[in-house]
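Structure (structure tokens):
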């Protein structure tokens, strides 16, 4: 299904898991809703046209990011060719994604093509260079050439303008009356030209110049411990942790 766009394989998987296409699609929609996909509805497991079978580039990117956390999916998604021993015939399956074979793109680690008359050419592409991973989704292209050209341009732009930075585990961010403490090493993407020096002050907190307060509110979630009371104890603990780690300054 992933390597050679086998629609029949999609049907076989759906029937194996849930007994029918309808049951599989319903279960999948419930599952994806829990992942935060707000504009996606599956009516089948292969993507052939159905007026109610819809998605968006943003949802496909979120879904791809989630799927790439699964090592088995990641391996298959990045497979360029696979020897296939069938019940009645043997062959070699080749990925249809041209940036993975015919016109290789530096750093590409996976991708999937799609096409129906009503939706045009669609393309999902994942690439990695150094510590930066990018996902590009293009929809409704009039031709393959346009889809691949747009994908290349978006990847080139991303790798030229953005980078991945980290927030060390245990670092405390002081935002107004709250303290946010990182529960683990956090990674985020930022523009290359938007560095900000963030120093640990004497009380152990971080003086934030950039990113903005909105960025922090988007980031903390389950990754930060928020405390509005007992500020002195929290700050003191963070300071001790940072001293032990030798943390003095970092870029974010």
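Numbering (the working numbering), first residue to last: 4 to 255. We put the CB at the ideal spot given by N, CA and C, even for glycine. Predicted model, so just to flag it, every value in this text is computed and none were measured.
{"Item": "Delimiting residues of the alpha helix (DSSP H) encompassing residue 73", "Value": "That residue, residue 73, is in no alpha helix (DSSP H); it is neither H nor E in DSSP."}
{"Item": "Rounded separation between residue 59 and residue 110 - CA only", "Value": "25 Å"}
{"Item": "Exposure of residue 13, with buried meaning 16 or more beta-carbon neighbours within 10 Å", "Value": "buried"}
{"Item": "Residue 88: first and last residue of the uninterrupted alpha helix (DSSP H) it sits in", "Value": "That residue, residue 88, is in no alpha helix (DSSP H); its beta strand (DSSP E) goes 84 to 88."}
{"Item": "Residue 115 burial status per 10 Å Cβ neighbour count (16 or more: buried)", "Value": "buried"}
{"Item": "Alpha-carbon to alpha-carbon, residue 106 and residue 146", "Value": "16 Å"}
{"Item": "Cβ pair residue 124, residue 162 closer than 9 Å", "Value": "no"}
{"Item": "C-alpha gap between residue 43 and residue 28, whole angstroms", "Value": "11 Å"}
{"Item": "Candidates 16, 87, 121: closest to residue 51 by CA position", "Value": "121"}
{"Item": "Alpha carbon of residue 84 to alpha carbon of residue 104, nearest angstrom", "Value": "9 Å"}
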